[in-house]
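Here the sequence shown is numbered in this note's numbering, starting from 37 and rising by one per residue. Beneath this line is the structure, given in structure tokens, with notes to follow.
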Amino acid sequence: MSVQGADVLVIGAGAVGRSLAFALAVADPALRVVLAGATAGSSDGAASGAAGAMLGALGEVTDRTGRTRHGRLRTELAIEAAGRWPLWREQIRAHAGPAAPRHDGYGTGTFMVLNAVSSAMDDASHAAVARTAAEYGLGCEDTVPADIPGYRPLDNDRALRAWYLPAEGFIDARAWLTTLDAALTALPNLTRIPPGTLTVAPGGGYLVTTHAGVFRAPRAVVAAGAWTTPLLQALDPDLPVVPVLAAAGTAVTVTGPQTRPAVVRTPNRAYACGLHAVPQADGTLYLGASAHPALTPTTRLTAGALRFLLDAALSQLDHRLAAALIARTHHGNRPLALDGHPVIGPTSREGLWVASGTHRDGLHASPLIASTLADALLAPTTTPLPGPLAAFTPCRELISDLTVKEAAAEAAAHHAALAAESRMRPPLTGSWPQALTDAYAARMENAYAAMPDGYVPPPDLAPLAYEDTGPALAELAAAHLARHDRARP
């Protein structure tokens, strides 16, 4: 099979990969860009096709966010990305032309409710959203929960307070991926191929081999989401890139009694992005989302995740949805790095770049990541990425803004929130409530103590540490730390 030449290979066709391929091809019409990956509509378990696509700068803010350096950097990244969406969307739709869906579900406005179906960490995060909004000059308005359109929780799950965040955006992820595909099809210097095998080319550069052909380029960007690490390890097992794991998520799209004008959500809680309802382009309603970390991507949703999601959504958001028809279920694997932060930029191997580890922020941050990486790839020399992305280089030291004790305490708080949202009520005798709190803390402390020196799992990965996957997580972390040490100059 003959080898076809290209200038840049983009491996992975989620929102980040497609956006990067578009940004590169538009920036230089003479550049030959090859995008390898599945097309829209495939059921490959990728995060983008299952996303709720809240384009919010404040939605991910928690009490911890403002207390850590990298948490603040992530907020700055989200705010900058949010500012790029209006023009980015117009540019993509202009290239897509008539092939773009007429409606893509794009809108602004989010109601964040504070109810008691969680732990006290919701109170702290709800307050942190208001502080962050004031700090960055973003809108955050106190609103009456009963006046929120489409919000009809059970009485014992009702919110007592709510914010309205007028600038927080949202979009129908499925419609957006279709729009991206139409824009990519219109670019004559971009070639789409199915997923393939990435290898080092003899004499330099990289090869991607698929049943549709073999392509070679001096530069390659791996933007393969939760599948990033296996690709990199097959390419170079000694490459000290921070490993990317998976965070499996389940969501459903349902019909509803009315069209919703805005997102309704809770703060982040229980290892997840909070409960949320997102209006879709066709008038349906997206309900999300469960979250459970995994060492490798998962292929199907579980009955437990679906049951938990529906119970929470019907009781906390709108009990009338009990009569709704389920239009579609969604299952995706969010790319979650070993230290919980993005893995973006050039690696220590010449010509090899990575854009992954974005967890829940990939689609939202895609305009910023794509534009920034495109500029860097087209620059005559390789320099650090500008702004917040500079802190998230692929071959960095593992980030740990929390001590072991702090991380274990926060993980215990998330676990308590999960128990509360699952309606677990301790016996009201003796010291049972405090005994359970102490038990959560002790379990987390034991799990964190079993990790190798130099690795503090972020709270999002705590379930991997305290469940039977703990030894495997510790082994993965130890192997990466050893690989990183060997690569030191």
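All residues carry an ideal CB built from backbone N, CA and C; glycine is no exception. Remember, predicted model here, so these are calculated numbers, not experimental data.
Supposed contact pair residue j and residue i - C-beta distance, whole angstroms, cut 8 Å
{"i": "Cys309", "j": "Ala325", "result": "6 Å"}
{"i": "Val440", "j": "Tyr484", "result": "5 Å"}
{"i": "Ala391", "j": "Leu109", "result": "Wrong, their Cβ atoms sit about 17 Å apart, outside the cutoff."}
{"i": "Val39", "j": "Val250", "result": "5 Å"}
{"i": "Ala195", "j": "Val149", "result": "4 Å"}
{"i": "Ser154", "j": "Arg305", "result": "5 Å"}
{"i": "Ala59", "j": "Ala410", "result": "4 Å"}
{"i": "Arg301", "j": "Thr98", "result": "13 Å between Cβ atoms; not a contact."}
{"i": "Gly241", "j": "Arg252", "result": "6 Å"}
{"i": "Phe206", "j": "Val288", "result": "Not really, about 17 Å apart at Cβ, beyond 8 Å."}
{"i": "Asp437", "j": "His106", "result": "5 Å"}
{"i": "Thr351", "j": "Leu190", "result": "Position check: residue 351 holds Ser in this sequence, whereas Thr was assumed. Their Cβ separation, rounded to whole angstroms, is 5 Å, which keeps Ser351 and Leu190 in contact under 8 Å."}
{"i": "Asp208", "j": "Ala89", "result": "7 Å"}
{"i": "Leu337", "j": "Leu281", "result": "Rounded, the Cβ-Cβ distance is 18 Å, inconsistent with contact."}
Of the residues the options, the one placed nearest residue i, counting alpha carbons only
{"i": "Ala349", "options": "Pro137, Ser384 and Glu457", "result": "Glu457"}
{"i": "Thr245", "options": "Pro254, Thr233 and Ala256", "result": "Thr233"}
{"i": "Glu481", "options": "Thr465, Pro499 and Pro469", "result": "Pro499"}
{"i": "Ala303", "options": "Ala89, Ala508 and Val165", "result": "At residue 303 the sequence reads Pro, which differs from the Ala that was named. Comparing Cα positions, the closest option is Val165."}
{"i": "Ala330", "options": "Leu374, Ala287 and Ala477", "result": "Leu374"}
{"i": "Gly423", "options": "Tyr142, Ile405 and Thr383", "result": "Ile405"}
{"i": "Arg228", "options": "Asp80, Leu275, Arg68 and Ala89", "result": "Arg68"}
{"i": "Ala513", "options": "Val278, Ala477 and Thr365", "result": "Val278"}
{"i": "Leu8", "options": "Ala327, Asp274, Arg296 and Asp318", "result": "The requested residue 8 is not part of the displayed model; the chain covers only 37 to 525."}
{"i": "Ala74", "options": "Ala136, Ala248, His106 and Pro224", "result": "Ala248"}
{"i": "Val379", "options": "Leu421, Pro430 and Ala170", "result": "Pro430"}
{"i": "Leu323", "options": "Ala203, Thr235 and Ala358", "result": "Ala358"}
{"i": "Asn369", "options": "Ala341, Thr335, Ala339 and Asp397", "result": "Thr335"}
{"i": "Ala510", "options": "Arg519, Asp489, Pro525 and Ser407", "result": "Asp489"}
{"i": "Thr417", "options": "Arg522, Glu112, Glu386 and Asp347", "result": "Glu386"}
{"i": "Leu226", "options": "Leu388, Trp468 and Ala72", "result": "Ala72"}
{"i": "Gly381", "options": "His395, Pro333, Arg432 and Thr215", "result": "Arg432"}
{"i": "His377", "options": "Pro495, Ala160 and Thr332", "result": "Pro495"}
{"i": "Ala597", "options": "Ala256, Val236 and Leu223", "result": "For the chain, the structure presents residues 37 to 525; residue 597 sits outside this window and is missing."}
{"i": "Ala160", "options": "Gly173, Arg197 and Asp347", "result": "Arg197"}
{"i": "Leu321", "options": "Val290, Gly393, Gly340 and Arg343", "result": "Val290"}
{"i": "Ala156", "options": "Thr465, Pro469, Arg524 and His450", "result": "His450"}
Residue i: first and last residue of the uninterrupted alpha helix (DSSP H) it sits in
{"i": "Met148", "result": "Looking at the DSSP string, Met148 is not in any alpha helix (DSSP H); the run it does join, the beta strand (DSSP E), is Gly143 to Leu150."}
{"i": "Arg522", "result": "Gly506 to Arg522"}
{"i": "Leu60", "result": "Ala51 to Ala63"}
Element boundaries [beta strand (DSSP E), containing residue i]
{"i": "Leu311", "result": "Element bounds for Leu311: n/a, residue is neither H nor E."}
{"i": "Gly41", "result": "Val39 to Gly41"}
{"i": "Leu321", "result": "Leu321 to Gly324"}
{"i": "Ala329", "result": "The question names Ala, yet the displayed sequence has Pro at residue 329. Per DSSP, Pro329 belongs to the beta strand (DSSP E) from His328 to Ala330."}
{"i": "Arg301", "result": "Val299 to Arg301"}
{"i": "Ala426", "result": "From DSSP, Ala426 is part of no beta strand (DSSP E); its letter is neither H nor E."}
{"i": "Val46", "result": "Val44 to Ile47"}
{"i": "Ala72", "result": "Val69 to Ala72"}
Minimum Cβ-Cβ distance from residue i to chain C less than 8 Å
{"i": "Asp521", "result": "Absence of chain C from the displayed structure is noted, only one protein chain being present."}
* Which ranges would you report for the beta strand (DSSP E) in the region 346-410 if only whole runs of at least 3 residues count? -> Counting only unbroken stretches of 3 or more residues, the beta strand (DSSP E) elements lying wholly within the region 346-410 are 362-373, 379-382 and 388-392, in sequence order.
* the region 71-91 contacting the region 41-53, beta-carbon criterion three pairs below 8 Å -> yes
* To do: Can you check the region 155-223 for any beta strand (DSSP E) of at least 3 residues that lies completely inside it and give the ranges in chain order?
  => 177-179 and 197-206
* Considering only residues of the region 82-146, which uninterrupted beta strand (DSSP E) runs meet the minimum length of 3 residues and lie entirely inside it, listed in chain order? -> Counting only runs of 3 or more, we get nothing.
* Contained beta strand (DSSP E) runs [length at least 3] in the region 228-279, N- to C-terminal order -> Segments of the beta strand (DSSP E) lying fully in the region 228-279: 233-236, 242-246, 249-253 and 255-258.
* Identify every run of the beta strand (DSSP E) within the region 432-498, keeping only runs that are complete inside it and at least 3 residues long; order them along the chain. => none
* Segment contact, 8 Å Cβ cut-off, at least three pairs: the region 181-196 with the region 101-117 -> no
* Asked: Per the contact definition of three or more C-beta pairs closer than 8 Å, is the region 122-140 in contact with the region 215-223?
  -> These segments touch.
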